[in-house]
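Novice: Input: one structure, supplied below.
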Amino acid sequence: MSALLEALEGRVCPVRPDLLELRVSLPPGEPARERPIEIEDVMRDLGEPDFCIDVIGEYMDSTRGLIERLEESLAARDPATVHRIAHTIKGGAFTIRASELRGTAGALEKEAKAGRLENGAFYLARIRDEYKNASRYFSRIRNEYRHGNKKNTLR
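Using the working numbering, the letters of the sequence shown map in sequence onto residues 24 to 178.
Right under this line is the structure:
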């Protein structure tokens, strides 16, 4: 996650409309489950389309490993490590505007902070599902952006 924070250093700036050139095919009003990352919000917060794609990609790559570590920490019944990992997943999910993933990681973080890991398997399964959903969605967005299938402008 530190690479993500380093990438953000000095790059968060006010949005300039001339930089909002990311285009993808998104049906309006798509349900949150179908649209697990709010790309428009990320664009508004971070600016340049290429930078947004890189930030989200970095988060998706690092989160894959965090989920593996989360599983190990739950198996070891280590609430301090579960808390730390869930907090990291939650924070990154906030940055990329993945609200479902953020909410589930936040709930696990709260449980782990209180030393309660009884529902850890439930939260882990939901985090995995939400991560997979966000990952598929991001792959589609990235491919459409990078390969010129740009139907709608995101603003």
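For every residue, glycine included, the Cβ atom is placed at its ideal position computed from N, Cα and C.
#1: If you follow the alpha helix (DSSP H) that ASN156 is in, where does it begin and where does it stop?
#2: Could you tell me which of GLU167, ARG159, HIS170 and ASN166 sits nearest to VAL83, measuring between CA atoms?
#3: Could you tell me which of LEU69, ILE164, TYR154 and LYS136 sits nearest to SER85, measuring between CA atoms?
#4: Between which residues of its own chain and ALA116 is the CB-CB distance below 7 Å, once the five residues before and five after are set aside?
#5: Given a threshold of 16 other Cβ atoms within 10 Å of its Cβ, counted over all protein chains shown, does GLU134 qualify as buried or as exposed?
#6: Looking at the unbroken alpha helix (DSSP H) that takes in ARG87, where does it start and where does it end?
#7: Expressed to the nearest angstrom, what Euclidean distance is found between the alpha-carbon atoms of ALA55 and ALA157?
#8: Between which two residues does the alpha helix (DSSP H) carrying LEU131 extend?
#9: Nearest to VAL78 by CA position, among THR118, ARG139, SER162 and GLY88, is which residue?
#10: Report the rounded CA-to-CA distance for HIS170 versus ILE76, giving the unit in angstroms.
#11: For the structure I just gave you, are there three or more beta carbon pairs, one from the segment 140-148 and one from the segment 160-168, closer than 8 Å?
#12: Under a three-way DSSP split, which group does LEU140 fall into?
Specialist: Taking the geometry as given:
#1: That run of the alpha helix (DSSP H) goes 143-169.
#2: The question names Val, but residue 83 in the sequence shown is Met. For the residues GLU167, ARG159, HIS170 and ASN166, the minimum Cα distance to MET83 belongs to ARG159.
#3: Per the C-alpha coordinates, the member of LEU69, ILE164, TYR154 and LYS136 positioned closest to SER85 is TYR154.
#4: Taking ALA116 as the centre and dropping the five residues before and after it, the same chain places the C-beta of LEU124, ARG125 and ALA128 closer than 7 Å to its C-beta, in chain order.
#5: GLU134 counts as buried, since at least 16 other C-beta atoms from the protein chains shown sit within 10 angstroms of its C-beta.
#6: For ARG87, the enclosing alpha helix (DSSP H) begins and ends at 72-98.
#7: Reliability fails at ALA55, whose pLDDT of 47 lies under 50, so the model's placement of it is uncertain and no value is given.
#8: For LEU131, the enclosing alpha helix (DSSP H) has its first and last residue at 122-136.
#9: The candidate whose alpha carbon is nearest that of VAL78 is THR118.
#10: Taking the straight line joining both Cα atoms gives about 13 Å.
#11: Judged by pairs of C-beta atoms under 8 Å, the segment 140-148 does not touch the segment 160-168, as fewer than three such pairs exist.
#12: DSSP places LEU140 in coil when its eight states are reduced to three.
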